[in-house]
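For the record, in the sequence shown the residue sitting at position 230 is 230 according to full-length UniProt numbering, with numbers rising by one throughout.
A virtual CB, placed ideally from N, CA and C, is assigned to each residue, including glycine.
Predicted, not measured: the structure shown is a model, and the values here were computed from it.
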Amino acid sequence: MGSNEQAMVDVTVGVLALQGAFNEHVQLLRQAARILVKKDIVERNWTFKEVRNEAELDSCDALIIPGGESTAISLVAQRSNMLEPLRDFVKVLRKPTWGTCAGLILLAESANRTKKGGQELIGGLDIRVNRNHFGRQIESFEASLDLPFLQHADGKGFDTSRLLFRAIFIRAPVVEKLLPNVAGIQEGEAKVEDTVIAPSRVMDEAVAKKIKLADVEIMAALPGRTATFKNTEMNLDPEAGDIIAVRQANVFGTSFHPELTGDPRIHVWWLEQVLKAVDERAR
Ligand code: GLN
């Protein structure tokens with residue numbers, strides 16, 4: 001090995017495979033890793049795997065929770081004793097986690113239009129989501145999005161960052177409220193009608209030294225707000241549009257399904273964030 005070569009670093013990324021579009025994510029992750037290899041200075045030994053139990057989750061450095069049906073995913077997670085390991089992964093160990101559509105709902109601290117007892121949340125994002133915001137399956141739609149965070153791609157080998165991203169919305173949620181990043185936000189949320197909340201968890205002490213829990217960052221919005229309901233608590237700029245992508249520390253969420261379009265750019269971007277987190281933790 002030459003003096004300027006570094007040792008191979010193992011990175012394992014899981015896709016929760018209890019229900020929904022997990023296979024599509026695995027395919028796109030493989031494609032994204034091939035693109036990243038051309039850019040990365042450190043050699044990585046990537047493993048992408050479907051995750052169905054605690055042992056498989058434990059072996060992961062990062063996780064994707066796919067689109068599907070959040071009530072079904074949460075039910076299967078509960079039956080297979082995965083809810084608590086998932087909460088540990090996201091909120092105690094604070095490992096990088098990305099939820100798409102149903103995955104975003106599961107990663108919210110609070111979710112609307114949900115029967116009490118009908119849905120368990122993992123949490124991790126201080127947001128309230130409104131489920132099925134745009135209506136039923138037949139009201140699914142596509143939109144071409146300008147995703148500012150993709151424009152930071154350095155262009156080496158994949159300078160397609162300026163192209164719009166074709167996004168598919170299927171019974172998609174939106175982020176209807178950003179919640180303050182303080183302890184006990186769930187109490188107030190629990191009083192909101194038809195809303196379920198995630199149980200709070202305390203971050204691991206060693207992890208807390210490395211990760212700062214910042215406020216939720218809005219990563220993308222649809223132009224123009226489509227909400228027809230009145231929500232006096234919603235203190236967001238009405239001109240800002242429907243929020244469809246957010247990030248808070250280790251957790252990223254999108255309302256739409258990048259796994260269904262075959263465009264790997266968001267996967268490339270997210271794997272770069274995963275690498276930063278993995279390198280930071282190894283320090
Ligand atoms: N509406 C679904 C839910 O509540 C999410 C739809 C999706 O993931 N495409 O879980």
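For residue i: DSSP bridge partner residues
| i | result |
| --- | --- |
| residue 125 | 108 |
| residue 288 | Coverage of the chain is limited to positions 1 through 283, which leaves residue 288 absent and any answer about it impossible. |
| residue 248 | 251 |
| residue 99 | 65 and 253 |
| residue 130 | 112 and 174 |
| residue 51 | 16 |
| residue 242 | 222 |
| residue 45 | 10 |
| residue 143 | 167 |
| residue 217 | 247 |
Nearest-angstrom Cα separation, counted from residue j out to residue i
| i | j | result |
| --- | --- | --- |
| residue 180 | residue 93 | 21 Å |
| residue 129 | residue 123 | 11 Å |
| residue 37 | residue 81 | 36 Å |
| residue 213 | residue 10 | 26 Å |
| residue 194 | residue 271 | 35 Å |
| residue 177 | residue 247 | 14 Å |
| residue 117 | residue 106 | 14 Å |
| residue 284 | residue 26 | Only positions 1 to 283 of the chain appear in this structure, which leaves residue 284 out of reach. |
| residue 182 | residue 208 | 15 Å |
| residue 75 | residue 112 | 17 Å |
| residue 84 | residue 77 | 9 Å |
| residue 139 | residue 43 | 44 Å |
| residue 18 | residue 101 | 15 Å |
| residue 269 | residue 163 | 14 Å |
| residue 87 | residue 222 | 29 Å |
| residue 254 | residue 188 | 25 Å |
| residue 24 | residue 184 | 37 Å |
| residue 45 | residue 276 | 15 Å |
| residue 243 | residue 133 | 11 Å |
| residue 65 | residue 8 | 27 Å |
| residue 114 | residue 241 | 23 Å |
Cβ neighbours of residue i in the same chain (closer than 6 Å, five flanking residues each side left out)
| i | result |
| --- | --- |
| residue 28 | 259, 264 and 267 |
| residue 12 | 47, 59, 60 and 61 |
| residue 90 | 97, 122 and 124 |
| residue 167 | 143, 145 and 256 |
| residue 72 | 19 |
| residue 52 | 17 |
Whole-angstrom C-beta distance between residue j and residue i, which should lie under 8 Å
| i | j | result |
| --- | --- | --- |
| residue 121 | residue 220 | Actually they do not touch by this definition, with Cβ atoms about 22 Å apart. |
| residue 21 | residue 67 | 5 Å |
| residue 63 | residue 104 | Not really, about 13 Å apart at Cβ, beyond 8 Å. |
| residue 216 | residue 126 | 5 Å |
| residue 137 | residue 70 | At roughly 15 Å, the Cβ-Cβ gap does not stay under 8 Å, so residue 137 and residue 70 are not in contact. |
Exposure label - residue i; buried when at least 16 CB within 10 Å
| i | result |
| --- | --- |
| residue 262 | exposed |
| residue 141 | exposed |
| residue 145 | buried |
| residue 210 | exposed |
| residue 205 | exposed |
| residue 202 | exposed |
| residue 173 | buried |
| residue 279 | exposed |
| residue 131 | buried |
| residue 282 | exposed |
| residue 99 | buried |
Same chain, Cβ closer than 8 Å to residue i, neighbours up to 5 away in sequence not counted
| i | result |
| --- | --- |
| residue 186 | 109, 110, 197, 198, 199 and 200 |
| residue 249 | 94, 211, 212, 213 and 214 |
| residue 274 | 11, 13, 61, 62 and 96 |
Residue-chain proximity (residue i, chain B), Cβ-Cβ < 8 Å
| i | result |
| --- | --- |
| residue 79 | Within the model displayed, chain B is absent; a lone protein chain is all it includes. |
Proximity test, residue i beta-carbon vs the ligand MG heavy atom, cut-off 7 Å
| i | result |
| --- | --- |
| residue 172 | Absence of the ligand MG is noted for the structure shown, with the ligand GLN being the only ligands found. |
Nonlocal neighbours in the same chain, by C-beta distance under 7 Å from residue i, ignoring five residues either side
| i | result |
| --- | --- |
| residue 190 | 197 |
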